[in-house]
Amino acid sequence: MEKAKVIELKETILEDNNADAQVLRQELKAQKTCLMNLMSSPGSGKTSTLLALKPYFEGKIKWGVMEADIDSDVDANTLIEAGIPSIQLHTGGMCHLDADMTRQGIRAFDRAELDFVVLENIGNLVCPAEFDTGANFNLTILSVPEGDDKPAKYPLMYEVSDVLVINKIDALPVFDFRKDYVEACARRLNPQIKIFYISAKTGEGMKELADYLLEQIQEVNA
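Just remember that the numbering used here sits 5 ahead of the position in the sequence shown, which is counted from 1.
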């Protein structure tokens, strides 16, 4: 009896997307625009961190933010009100962005005028990690209240991230958060990962993070 033909759709989709992501990186390189993919769970402080970076970027780079959400435009409007160029991407129920979706968002900006574009991905620790957006590097935020077990529970997110930012460190006295454990888990998954501790609320650690990002932007756009 003839067996049904099996087509691995996910594998094919990922391969096609990876190829498209490489093309997008070349397009951005030609425009001298650095793209960062910002990922985390909901409520970790992605938008708050971007707002806290603004004073350190002023006068040094031109930048904009693409806010991805299933619905609403709350975060994009928050950034616009703070003077950060921002557009809202509605994914229509999808829990991630791929390279083509990212390209569509970037087209809403005048790329030649921006040194740095941030893709604030959908709040999710699973789907966004699976898709290459065409970014030059990935940054993941983990907030103290979420707990220190996230790298162990969601390993792919930390495997694909170049930078791990531990946010809300002002809450450390309240939560049983083991910094050494988080670092060990993250570095076991990705020995090259850079780790920063910040509080977007108090500003602690923001200068160090901003200096690092500015260095990366300069290196990518050189």
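C-beta: ideal position from N, C-alpha, C; glycine also.
Report the three-state DSSP secondary structure of residue i (helix, strand or coil).
i, result
"Lys37", "coil"
"Lys173", "coil"
"Phe114", "coil"
"Ala73", "strand"
"Met44", "strand"
"Tyr202", "strand"
"Val187", "helix"
"Ala134", "helix"
"Gln197", "coil"
"Ile12", "Unreliable placement is indicated for Ile12, whose pLDDT of 49 sits below 50; no coordinate value is reported for it."
"Asn143", "strand"
"Val165", "coil"
"Ile66", "coil"
"Glu213", "helix"
Can you give me the C-alpha to C-alpha distance between residue i and residue j, rounded to a whole angstrom?
i, j, result
"Asp167", "Arg192", "11 Å"
"Glu209", "Leu29", "34 Å"
"Gln221", "Gly110", "22 Å"
"Thr107", "Ala26", "9 Å"
"Ala73", "Met44", "10 Å"
"Asn23", "Ala215", "29 Å"
"Lys155", "Leu147", "8 Å"
"Cys100", "Glu63", "32 Å"
"Val165", "Ala157", "14 Å"
"Lys37", "Gln197", "25 Å"
"Ile92", "Gln223", "24 Å"
Is residue i near residue j, with beta carbons less than 9 Å apart?
i, j, result
"Asp105", "Lys67", "no"
"Ser53", "Asn129", "no"
"Val149", "Asn172", "yes"
"Leu19", "Phe136", "yes"
"Leu102", "Pro133", "yes"
"His57", "Ala205", "In the sequence on display, residue 57 carries Ala and not His. Cβ atoms of Ala57 and Ala205: closer than 9 Å."
"Lys199", "Leu169", "yes"
Rounded to the nearest angstrom, how far is the Cβ of residue i from that of residue j, given a contact under 8 Å?
i, j, result
"Leu55", "Val123", "6 Å"
"Thr145", "Tyr163", "7 Å"
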